[in-house]
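To start, the structure under review is shown below, and the notes come after it.
There are 2 protein chains.
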Amino acid sequence: MENTRIIIVDDHQLIIDGLSRIIQDIFGFELITAYHDPLEALQKVPVWKPDILLVDFEMPHLNGLDLIRKLKQQIPELKTVLLTMHLDHATVREALSVGVNAYILKNLDEFELRISLEKVSKGQNYYSAPVTEVLNSRSKSIQKTSHSQLESLSSREREVLKLIAEAFSTKEIANQLSLEISTIESHRKSLMRKLNVHNVAGLVRIAVQEGLVS
Amino acid sequence: MENTRIIIVDDHQLIIDGLSRIIQDIFGFELITAYHDPLEALQKVPVWKPDILLVDFEMPHLNGLDLIRKLKQQIPELKTVLLTMHLDHATVREALSVGVNAYILKNLDEFELRISLEKVSKGQNYYSAPVTEVLNSRSKSIQKTSHSQLESLSSREREVLKLIAEAFSTKEIANQLSLEISTIESHRKSLMRKLNVHNVAGLVRIAVQEGLVS
DNA sequence: ATTTTTCTCCCTGTTTTCGGGGAGTAAAAA
DNA sequence: TTTTTACTCCCCGAAAACAGGGAGAAAAAT
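For the protein sequence lines, the chains are A and B, in the order given. The working numbering numbers the first residue of the first sequence as 1016 and each following residue consecutively. The working numbering numbers the first residue of the second sequence as 1016 and each following residue consecutively.
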């Protein structure tokens, strides 16, 4: 633990300063450096090869999750801790699938941060209580993020997408909405074009990821 | 509306009597006849060709939903109202998929019954508030059952399910696994049978819910 | 006022899904 | 040893999905 080398990536210098002090002075970890630009971090981190990368989620140009994804492709054994402000089901799931080792909220206390860093440095994972809650209560997946692909959809298209993702057939959807089958097929085609998928499986997947259903 | 011809199917004569009175005397609809035996109704309704069939769900020998399903095969344009005592998510979904035009609870007031009959006679649908609630709050029943069902899958089936949920087509899955298309189709059929769904959307849904894919 | 988007519905044709069978081999369970 | 399950592959036919197009009316945006 005494030799755990850490790099911070956060676009706010103030946060970097605060985290640096805590990590070095209080926890006693070794902070190699910090980046406020994710694109710079993308290039430099592979050179440093830190034990743990502490990354903010909300950053311009490249969000923390995408940064981690790209870096993991180069350094699969890289351990990562993701800091975030908001909790939405889709992002948590994405983080898990990318292989983030810890996922903690920004309104953290030092104790949580310390726990997560110590666990991750030992090769374990850590997800704070609210995170696991969000994972388990998938019904309440409130997505606050407005970066979703669903924004380009009309309300009618969203409605149809929801029903498709609930496993209703085209005919059943037509019945429920009192529309013709051909109309639902038109909407389905628009959905596939806008969301860039080519079968219902792709539609369902996006719908679930975006929290439109379940 | 004055010429809306209705048939009631309910195994309790008392209910038939009560509904008859309300429908005829108060609402002013034309009640053709009523059956207390669903099997008899199955034979006679196609002869009468009523505008609306008002059916109780809980009946011996043949439940109301199955009766409606069978009758709709013969008379697709038949309008139906389903009466039920209890609400469970699976039954509501099944009712929607069968194409029931109205679904109302037995602890109804006359107002609700009238609304539903008037709407259905105009070609619209009506689902009482508690029904739509149950549809939206998909909390307990499905997750429990699907979880136990997922454990009944073989590893190969799980593998195929995962790829289906990742929006790969049958052909693509066959290529990836170096198997014939027919084999993947067989696995898909087994998955649908075991998981009790009837299209790809249902499979994807369960897969995502169970965390098989992100 | 004009343009764009949405919503509805249609046509044609190809591909895939879906549901029902069966069948042989290998492995696992009873 | 017998039976069952998993895995592979096949047949068939009906239904649905998929892909491309168009078109008119209404609503929204410019």
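All residues carry an ideal CB built from backbone N, CA and C; glycine is no exception.
TODO: Please name the residues in the stretch 1125-1141 of chain B whose beta-carbon is closer than 7 Å to at least one beta-carbon of chain A, in chain order.
DONE: Legend: CB atoms of the stretch 1125-1141 of chain B lying less than 7 Å from CB atoms of chain A belong to residues Q1139 and N1140.
Task: Per-residue DSSP class, three states only, for M1016 of chain B - done: Numbered from its first residue, the second sequence carries residue 1016 of chain B at position 1. Unreliable placement is indicated for M1016 of chain B, whose pLDDT of 45 sits below 50; no coordinate value is reported for it.
- [ ] Mark A1049 of chain B as exposed unless 16 or more other C-beta atoms lie within 10 angstroms of its C-beta, in which case mark it buried.
- [x] Position 34 of the second sequence holds residue 1049 of chain B. Buried, by the Cβ-count rule.
Open item on the list: Taking its Cβ as the centre, do 16 or more other Cβ atoms sit within 10 Å of D1071 of chain B, making it buried, or is it exposed?
Closed with: Counted from its first residue, the second sequence places residue 1071 of chain B at position 56. Classification for D1071 of chain B: buried.
TODO: Please list the partners that V1219 of chain B has in chain A, where partner means a Cβ-to-Cβ separation under 7 Å.
DONE: Along the second sequence, one-based indexing puts residue 1219 of chain B at 204. Ordered by position in chain A, the residues that pass the 7 Å Cβ test against V1219 of chain B are A1216, V1219 and R1220.
Task: C-beta contact flag for H1202 of chain B and E1172 of chain B at 8 Å - done: Working through the second sequence from its first residue, we reach residue 1202 of chain B at position 187. Working through the second sequence from its first residue, we reach residue 1172 of chain B at position 157. For H1202 of chain B and E1172 of chain B, yes; Cβs fall inside 8 Å.
Task: Straight-line gap, I1067 of chain A to K1059 of chain A (C-alpha atoms, nearest Å) - done: As a working note, residue 1067 of chain A is residue 52 in the first sequence. As a working note, residue 1059 of chain A is residue 44 in the first sequence. Approximately 14 Å between the Cα atoms of the pair.
Task: Residues from the stretch 1188-1211 of chain A in contact with chain B, defined by Cβ distance under 7 Å - done: Those would be N1190, Q1191 and S1193, in chain order.
- [ ] May I ask you to check if the CB of S1167 of chain A is nearer than 7 Å to at least one heavy atom of the ligand ZN?
- [x] As far as ligands go, the structure on display features none, and thus does not contain the ligand ZN.
Open item on the list: Suppose the cutoff is 6 Å on Cβ atoms and the five residues either side in sequence are ignored; what does the same chain contact list for A1222 of chain B look like?
Closed with: The residue you call residue 1222 of chain B lines up with position 207 of the second sequence. L1176, A1180 and V1228, listed in sequence order.
Open item on the list: Cutting at 8 Å between CB atoms, please list the residues of its own chain near W1063 of chain A, excluding the five before and the five after it.
Closed with: Within the first sequence, residue 1063 of chain A is the residue found at index 48, counting from 1. Answer for W1063 of chain A: R1020, I1022, I1047 and T1048, listed in chain order.
- [ ] Return no unless some Cβ of chain A is closer than 8 Å to the Cβ of A1182 of chain B.
- [x] Taking the first residue of the second sequence as position 1, residue 1182 of chain B is located at position 167. Output row for A1182 of chain B: interface = yes.
Task: Residues that DSSP places opposite I1023 of chain A in a beta bridge - done: Position 8 of the first sequence holds residue 1023 of chain A. Answer is A:A1049 and A:L1069.
- [ ] Determine the extent of the alpha helix (DSSP H) in which I1090 of chain B is found, giving its start and end residues.
- [x] In the second sequence, residue 1090 of chain B corresponds to position 75, counting from 1. Run containing I1090 of chain B: none; DSSP gives neither H nor E here.
Open item on the list: Measuring straight from C-alpha to C-alpha, what distance separates L1082 of chain B and A1110 of chain B?
Closed with: One-based indexing of the second sequence puts residue 1082 of chain B at position 67. One-based indexing of the second sequence puts residue 1110 of chain B at position 95. It is roughly 11 Å from the alpha-carbon of L1082 of chain B to the alpha-carbon of A1110 of chain B.
Open item on the list: Within 8 Å of any Cβ in chain A, is that where the Cβ of L1093 of chain B sits?
Closed with: Taking the first residue of the second sequence as 1, we reach residue 1093 of chain B at position 78. It does not; no Cβ of chain A falls within 8 Å.
Task: CA nearest to the CA of H1101 of chain B, picked from B:Y1141, B:T1185, B:Q1039 and B:E1073 - done: Position 86 of the second sequence, counted from the first residue, corresponds to residue 1101 of chain B. Taking only the C-alpha atoms, the option nearest H1101 of chain B is B:E1073.
Task: Environment of D1231 of chain B [buried if 16+ CB atoms lie within 10 Å] - done: Residue 1231 of chain B cannot be examined here, being either before or after the span of chain B that is shown, 1016 to 1229.
Open item on the list: So, under 8 Å CB-CB, S1193 of chain A and N1140 of chain B are touching, yes? Tell me the CB distance rounded to an integer number of Å.
Closed with: Residue mapping note: residue 1193 of chain A aligns to position 178 of the first sequence, counting from 1. Residue mapping note: residue 1140 of chain B aligns to position 125 of the second sequence, counting from 1. Indeed they touch by this definition, with Cβ atoms about 7 Å apart.
Open item on the list: According to DSSP, T1099 of chain A sits in a beta bridge with which residue or residues?
Closed with: The count along the first sequence starts at 1 and reaches residue 1099 of chain A at position 84. Answer is A:L1120.
Task: Any C-beta of chain A under 8 Å from that of Q1224 of chain B - done: As a first step, residue 1224 of chain B must be located in the second sequence, where it is residue number 209. It does; some Cβ of chain A falls within 8 Å.
- [ ] Check whether the Cβ atoms of I1130 of chain A and L1098 of chain A sit closer than 8 Å, and answer yes or no.
- [x] In the first sequence, counting from the first residue as 1, residue 1130 of chain A sits at position 115. In the first sequence, counting from the first residue as 1, residue 1098 of chain A sits at position 83. Going by C-beta atoms, I1130 of chain A is not nearer than 8 Å to L1098 of chain A.
Open item on the list: Taking CB distances under 8 Å as the criterion, tell me whether I1179 of chain B reaches chain A.
Closed with: For the purposes of this step, residue 1179 of chain B is taken as the residue at position 164 of the second sequence. Yes, I1179 of chain B lies at the interface with chain A (some Cβ there is under 8 Å from its Cβ).
Task: Bounding residues of the alpha helix (DSSP H) (the contiguous stretch that carries E1109 of chain B) - done: Taking the first residue of the second sequence as position 1, residue 1109 of chain B is located at position 94. Taken as a continuous stretch (DSSP letters only), the alpha helix (DSSP H) holding E1109 of chain B covers H1104 to V1113.
- [ ] Answer yes or no: do E1187 of chain A and S1112 of chain B have a C-beta to C-beta separation smaller than 8 Å?
- [x] Residue mapping note: residue 1187 of chain A aligns to position 172 of the first sequence, counting from 1. Residue mapping note: residue 1112 of chain B aligns to position 97 of the second sequence, counting from 1. Their beta carbons are under 8 Å apart, which means E1187 of chain A touches S1112 of chain B by this criterion.
Task: Contact belief for L1279 of chain A with V1107 of chain A at Cβ below 8 Å, rounded distance in angstroms - done: The displayed coordinates of chain A run from 1016 to 1229. Any statement about residue 1279 of chain A would go beyond what the structure contains.
Task: Candidates B:F1044, B:E1200 and B:L1034, of which the one nearest H1051 of chain B by Cα - done: Taking the second sequence and counting its residues from 1, the one referred to as residue 1051 of chain B is at position 36. For the residues B:F1044, B:E1200 and B:L1034, the minimum Cα distance to H1051 of chain B belongs to B:L1034.
Open item on the list: For the stretch 1087-1115 of chain B, list every residue whose C-beta sits within 7 Å of some C-beta in chain A, in sequence order.
Closed with: Under the 7 Å Cβ criterion, the stretch 1087-1115 of chain B contributes L1111, S1112 and G1114.
Task: Straight-line Cα distance separating I1030 of chain B from G1114 of chain B - done: For this step, residue 1114 of chain B is matched to residue 99 along the second sequence. For this step, residue 1030 of chain B is matched to residue 15 along the second sequence. I1030 of chain B has its alpha-carbon roughly 24 Å from the corresponding atom of G1114 of chain B.
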